[in-house]
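Let me begin by presenting the structure, written as structure tokens, before commenting on it.
Number of protein chains: 2
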Amino acid sequence: MHFTSDPRPGDGIVERDFTLGEIPGILWTPERVSAPVPLILLGHPGGLGRMHARLEARARQAAADGFAAATIELPGGGDRPRLRNLEAARADLRRALEAGEQVSADTLDRLVLPLVERAVPEWQTALDALLALPEIGGPVAYSGGVISIGVRLAVVEPRIVAAGLFAGSFVPRAMFDEARRVTIPLHVLLQWDDEGNDRQAALDLFDAFGSREKSLHANMGGHTGVPAFAGEDAARFFARHLR
Amino acid sequence: MHFTSDPRPGDGIVERDFTLGEIPGILWTPERVSAPVPLILLGHPGGLGRMHARLEARARQAAADGFAAATIELPGGGDRPRLRNLEAARADLRRALEAGEQVSADTLDRLVLPLVERAVPEWQTALDALLALPEIGGPVAYSGGVISIGVRLAVVEPRIVAAGLFAGSFVPRAMFDEARRVTIPLHVLLQWDDEGNDRQAALDLFDAFGSREKSLHANMGGHTGVPAFAGEDAARFFARHLR
Numbered sequence: 005m006h007f008t009s010d011p012r013p014g015d016g017i018v019e020r021d022f023t024l025g026e027i028p029g030i031l032w033t034p035e036r037v038s039a040p041v042p043l044i045l046l047g048h049p050g051g052l053g054r055m056h057a058r059l060e061a062r063a064r065q066a067a068a069d070g071f072a073a074a075t076i077e078l079p080g081g082g083d084r085p086r087l088r089n090l091e092a093a094r095a096d097l098r099r100a101l102e103a104g105e106q107v108s109a110d111t112l113d114r115l116v117l118p119l120v121e122r123a124v125p126e127w128q129t130a131l132d133a134l135l136a137l138p139e140i141g142g143p144v145a146y147s148g149g150v151i152s153i154g155v156r157l158a159v160v161e162p163r164i165v166a167a168g169l170f171a172g173s174f175v176p177r178a179m180f181d182e183a184r185r186v187t188i189p190l191h192v193l194l195q196w197d198d199e200g201n202d203r204q205a206a207l208d209l210f211d212a213f214g215s216r217e218k219s220l221h222a223n224m225g226g227h228t229g230v231p232a233f234a235g236e237d238a239a240r241f242f243a244r245h246l247r
Numbered sequence: 005m006h007f008t009s010d011p012r013p014g015d016g017i018v019e020r021d022f023t024l025g026e027i028p029g030i031l032w033t034p035e036r037v038s039a040p041v042p043l044i045l046l047g048h049p050g051g052l053g054r055m056h057a058r059l060e061a062r063a064r065q066a067a068a069d070g071f072a073a074a075t076i077e078l079p080g081g082g083d084r085p086r087l088r089n090l091e092a093a094r095a096d097l098r099r100a101l102e103a104g105e106q107v108s109a110d111t112l113d114r115l116v117l118p119l120v121e122r123a124v125p126e127w128q129t130a131l132d133a134l135l136a137l138p139e140i141g142g143p144v145a146y147s148g149g150v151i152s153i154g155v156r157l158a159v160v161e162p163r164i165v166a167a168g169l170f171a172g173s174f175v176p177r178a179m180f181d182e183a184r185r186v187t188i189p190l191h192v193l194l195q196w197d198d199e200g201n202d203r204q205a206a207l208d209l210f211d212a213f214g215s216r217e218k219s220l221h222a223n224m225g226g227h228t229g230v231p232a233f234a235g236e237d238a239a240r241f242f243a244r245h246l247r
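Dropping the structure here:
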């Protein structure tokens, strides 16, 4: 892990770019840190540049609660080399959505499963590096999108003690079986009128999770219309499990 | 409205019994009140004695946020005269549940609609009396159960500006049409594994509400197993709309 930028301090939070091999990432830490702090891994749909403002807002909330936050670029996302099979699956998804057709199970599998396979070990490597920093202790939570990546991480990564998941992406059938094996506390956000989402699939996935503590918070508005109070409820979920 | 008990102060809150004609009720006010305070009407399934501890806990949260809270006995509930038709409908409900049968639409109508017809004007009369007290100002919210009563109040009573509803009771089909006419902000609690509840009906009702701001918070546990953090989320909803 190499820091590639000077720390950018600003209003209670310090932002630093890093690379982990070929993978770019960003680390945010609270400006005033006396002891090692808990960490929230910020998931996203890919494209750190495009997502920066929204990720920074979530990191700022984490810092206000005394937590560090970090993210890495997704395989095939942002400036990373395109993945040909993923791009082909994306094109198939777009075609189906534009034609108003049901997205096929095959397309979903090709779109999500290889991404999960590649991204999860990268997140784990990032976690190794982040936890080796003197200012970061634990515990660790995962927050955000590509819900299938969050599900897999919750199953395979024992250092993650809680997850806030955004039920806003397509989920292959195989992930429903995996969801049954999740046992950590979950906070699931669902945008009830999300135009790019299958509401019933999101409810089915919530039902499938094996966790004894799981909450579903459904709100109005489209994919990017999560109300501010929903973000605050999620922040309290993380504070409850990371402090 | 006649107060029938001395004020019972205790730990930041003052409790007073009252009667409104033949209807018993309870008013809780914060111990230290300088200006008229907002009011939360506490709904419940009937039986003030049986429900007292849970109602008092909700009133205590309201008082901590600076709000008064009040409740009245339901028609046919607690020490009020039994309503023969309601008791007959309840017996039919019990028979259906014990036999593992679907509760018929007719039973639901006979169980809930007459209760709504009787209870809502009583709540409105109570509201008149409560708002005439010098220590109570407004705005007013409705909180709690018999969701059909909350829905009707939200439609017909303009003094109610927000409602926190517990999706834990049976809902006649007619209430779904009424739900479309609700426009105030809603916070709906659903116990995902509520043994005495129809989850799909609760989701359908949430979908039907016409409100631009509506949130569904689903949690694990049975009918009475609402986790403490869900109560705190609901309290923040009321604080957002009553302050």
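Chains P and V, in that order, are what the protein sequence lines are. The numbering used here puts the first sequence at residues 5 to 247. The numbering used here puts the second sequence at residues 5 to 247. Ideal placement from N, C-alpha and C gives every residue a C-beta, glycine not left out.
query, result
"Three-way DSSP call (helix, strand, coil) for P:L112 in this model", "helix"
"Residue closest to V:A133, alpha-carbon to alpha-carbon, out of V:L31, V:R244, V:F242", "V:L31"
"Neighbour flag for P:H221 against chain V, beta carbons, 8 angstroms", "yes"
"For P:V192, the three-state DSSP class (helix, strand or coil)", "strand"
"Same chain, Cβ closer than 8 angstroms to P:S219, five either side skipped, listed in chain order", "L190, H191, V192, F241"
"For V:F233, three-class secondary structure by DSSP", "helix"
"Beta-carbon contacts of P:A100 that lie in its chain and below 6 angstroms, excluding the five residues immediately before and after", "V107"
"Counterpart residues of V:T23 in DSSP-defined beta bridges", "V:H6, V:P28"
"Straight-line Cα distance separating P:V165 from P:I188", "6 angstroms"
"Buried/exposed call for V:P42, threshold 16 Cβ in 10 Å", "buried"
"Whole-number beta carbon distance between V:Q128 and V:N235, since they are thought to touch under 8 angstroms", "Residue 235 of chain V is actually Gly in this sequence, not Asn. No, V:G235 and V:Q128 are not in contact; Cβ-Cβ is about 26 angstroms, not under 8 angstroms."
"Proximity below 8 angstroms, CB of P:L115 to CB of P:A93", "yes"
"Test: P:E121 CB closer than 8 angstroms to a CB of chain V", "no"
"Range of the contiguous beta strand (DSSP E) that encloses V:A136", "V:A136 -> no beta strand (DSSP E), and no H or E assigned at all."
"Nonlocal neighbours in the same chain, by C-beta distance under 6 angstroms from P:P255, ignoring five residues either side", "The requested residue 255 of chain P does not occur in the structure, where chain P is confined to residues 5 to 247."
"Residue-chain proximity (P:F233, chain V), Cβ-Cβ < 8 angstroms", "yes"
"Length of the line joining the Cα atoms of V:D21 and P:L207", "43 angstroms"
"Of the residues V:S147, V:S152, V:P49, the one placed nearest V:A238, counting alpha carbons only", "V:S147"
"Whole-number beta carbon distance between P:L131 and P:R84, since they are thought to touch under 8 angstroms", "In fact, because the Cβ distance is near 19 angstroms, the residues do not count as touching under 8 angstroms."
"Boundaries (first-last residue) of the beta strand (DSSP E) holding V:A166", "164 to 170"
"Neighbour list for P:R244 in chain V, Cβ cutoff strictly below 9 angstroms", "F233"
"Under 8 angstroms by beta carbon: chain P residues contacting V:R216", "M224"
"Beta-carbon gap between V:E182 and V:V155 smaller than 8 angstroms", "yes"
"Cα-Cα separation, P:A39 to P:R58", "27 angstroms"
"CA-to-CA distance, P:G149 to V:G214, given in whole angstroms", "28 angstroms"
"Sub-8 angstroms separation of V:P34 and V:G50 beta-carbons", "no"
"Close beta carbons around P:I44, own chain, < 7 angstroms, minus the five adjacent residues each side", "A66, F71, A73, A145, S147, F242"
"Nearest-angstrom beta carbon gap, P:H221 and V:H221 [assumed within contact, 8 angstroms]", "6 angstroms"
"V:L97 - DSSP class collapsed to helix/strand/coil", "helix"
"Residues of its chain near V:E199, where Cβ-Cβ distance is below 6 angstroms and the 5 sequence neighbours each way are ignored", "G226"
"Every unbroken alpha helix (DSSP H) within the stretch 50 to 90 of chain P, with a cutoff of 4 residues, ordered by chain", "52 to 68"
"Interface flag, P:D237 vs chain V, CB-CB below 8 angstroms", "yes"
"V:G80 to V:L46 span [Cα, whole Å]", "17 angstroms"
"Sequence-distant residues of the same chain with beta carbon closer than 6 angstroms to P:L90, five excluded per side", "G80"
"Boundaries (first-last residue) of the beta strand (DSSP E) holding P:A183", "Note, P:A183: premise wrong, no beta strand (DSSP E); alpha helix (DSSP H) at 177 to 183."
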